[in-house]
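According to the numbering used here, the residues represented by the sequence shown are 9 to 110, in order. Even glycine gets a Cβ: it sits at the ideal position worked out from N, Cα and C. Since this is a predicted model, take the numbers as computed values, not measurements.
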Amino acid sequence: PDRSHHCSDCNRCVLKMDHHCPWINNCVGFNNQKYFLLFLMYIPLCGAWIAGTGVYYTVYYTSFNKLSMCYINFLASILVAGTFGGSLLFFWGFHMRLVCDN
């Protein structure tokens, strides 16, 4: 059909194919673009929630020793969740711009 492309990874034709995503192991196209955008929106929200609760517990529960393993794990989870969520937030914004242009 018109506006379909063949994916060499899936070995099938996809209508309005955007790309083959290794995270979901599927092609992003007309039938599943909504779910892919929701996936990209929920990951930064979860990252913000993890980072926010980590900051809350680190600040308000000061019974941690500053060099304890629990304190270091909280800081590492804040860093990883914030970085991962923030980078995917820009990726979600880019895909929303592509959807609005098309």
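Asked: Can you give me the start and stop residues for the beta strand (DSSP E) that C18 sits inside?; Found: Careful: C18 lies outside any beta strand (DSSP E) and carries neither H nor E.
Asked: Using a Cβ-Cβ cut-off of 6 angstroms (strictly less than) and excluding sequence neighbours within five positions of N40, which residues of its own chain qualify?; Found: none
Asked: For A59 versus A84, is the C-beta distance shorter than 7 angstroms?; Found: no
Asked: What's the gap between the Cα of V36 and the Cα of N81?; Found: 35 angstroms
Asked: Compute the Euclidean distance between the alpha carbons of L45 and W100, then round it to the nearest angstrom.; Found: 7 angstroms
Asked: Tell me the DSSP secondary structure of N81 in three-state form.; Found: helix
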